Amino acid sequence: VSVLYWMRASRLHTCGLSPAAAELARRLDASRNKKNPKDGARAVKLIDRLKDVQLAGHWAKAVALFDNYPAESRPWRWQSFHYRCLVQVLLEARQAAPLERVWAEMNKRPELALEEECANDCIVLAATGSNEELTKAIVAACEERGFGLKMRAKRALERLEANDWERGLAAVSEQLAKHREAAGEGSSTETPDDIVRAL
11 VSVLYWMRAS
21 RLHTCGLSPA
31 AAELARRLDA
41 SRNKKNPKDG
51 ARAVKLIDRL
61 KDVQLAGHWA
71 KAVALFDNYP
81 AESRPWRWQS
91 FHYRCLVQVL
101 LEARQAAPLE
111 RVWAEMNKRP
121 ELALEEECAN
131 DCIVLAATGS
141 NEELTKAIVA
151 ACEERGFGLK
161 MRAKRALERL
171 EANDWERGLA
181 AVSEQLAKHR
191 EAAGEGSSTE
201 TPDDIVRAL
């Protein structure tokens with residue numbers, strides 16, 4: 011039955027009907043036969059194919075495949091392309107929250123050949139989610155492996171630093187306003203840019 015789902019979903023993929031194909035992926039996952047671990051791999055490959063037809067709306071289903079079958083209990087082991095596919099789906103959907111769990115597993119599997127492209131996508135996704143700690147950890151892992159940073163990753167890091175700078179200035183401005191009010195000088199109308207010029 012699962013093979014039939016796989017074939018039908020592949021045809022839907024060709025037609026670009028991602029919602030219907032995603033539903034078939036769900037059925038395939040639900041009908042998994044534990045005696046046939048290849049079914050799990052087929053489900054992941056299906057998601058890999060579907061990412062090209064805007065799977066961003068179905069990113070939760072992709073994450074469910076990851077969460078429901080952790081590495082320790084899976085009858086099959088994810089390879090590099092499985093992780094790459096999931097990261098790309100999350101990146102397209104701008105859903106950075108699950109990345110921490112995904113990266114933790116990728117990073118603790120030394121036998122896994124982490125791909126440079128995937129690592130760069132992880133940096134972009136972590137920076138998009140303003141997760142500074144995770145972003146630094148991924149950058150450090152890239153440096154350790156001798157990976158170069160792609161332009162998209164460098165720009166994401168620049169945006170993250172710029173956001174932190176803006177938040178820091180806003181906090182300084184807020185503190186100055188509170189001090190002035192406490193001193194009876196009235197509320198401050200200074201903007202972060204005013205503070206920068208004053209510095």
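Numbering (my numbering), first residue to last: 11 to 209. Even glycine gets a Cβ: it sits at the ideal position worked out from N, Cα and C. Everything numeric in this text was worked out from a predicted model, so none of it was measured.
Item, Value
"Sequence-distant residues of the same chain with beta carbon closer than 7 Å to Glu96, five excluded per side", "Per the sequence presented here, residue 96 reads as Leu, with Glu not at that position. Ala72, Phe76, Val112."
"Pick from Gln89, Ala74, Arg169 that is closest to Arg119, judged by C-alpha positions", "Gln89"
"C-alpha distance - Asp131 paired with Glu125, whole-angstrom precision", "10 Å"
"Outcome for Arg155 when other beta-carbon atoms lying within 10 angstroms are tallied against a minimum of 16", "exposed"
"Counted within 10 angstroms of its Cβ, other Cβ atoms place Phe157 as buried (16 or more) or exposed", "buried"
"Presumed contact (8 Å Cβ cut-off) between Ile133 and Leu109, rounded CB distance", "At roughly 10 Å, the Cβ-Cβ gap does not stay under 8 Å, so Ile133 and Leu109 are not in contact."
"Cβ-Cβ distance between Leu100 and Leu122 below 9 Å", "no"
"Buried or exposed by the 16-neighbour rule on C-beta atoms within 10 Å, applied to Met161", "exposed"
"Ala150 - DSSP class collapsed to helix/strand/coil", "helix"
"9 Å Cβ cutoff, Ala150 in contact with chain D", "In the structure shown, chain D cannot be found, because there is only a single protein chain."
"Helix, strand or coil at Leu144 according to DSSP, with G and I counted as helix", "helix"
"Distance, Asn117 Cα to Ala74 Cα", "20 Å"
"Proximity winner among Trp69, Ala129, His92, relative to Glu102 (alpha-carbon distances)", "Trp69"
"Length of the line joining the Cα atoms of Ala150 and Ala137", "14 Å"
"Alpha carbon of Gly139 to alpha carbon of Tyr93, nearest angstrom", "18 Å"
"Nearest to Arg227 (by Cα), restricted to the options Glu127, Asn141, Phe91", "Any question about residue 227 goes unanswered here, given that the chain covers just 11 to 209."
"Neighbour-count burial assignment, Ala129, 16 or more Cβ in a 10 Å radius", "buried"
"Own chain residues within Cβ distance below 8 Å of Leu170, not counting five before or after", "Ala137, Ser140, Glu142, Thr145"
"Ala106, buried or exposed, once every other Cβ within 10 Å from all chains shown has been counted against 16", "buried"
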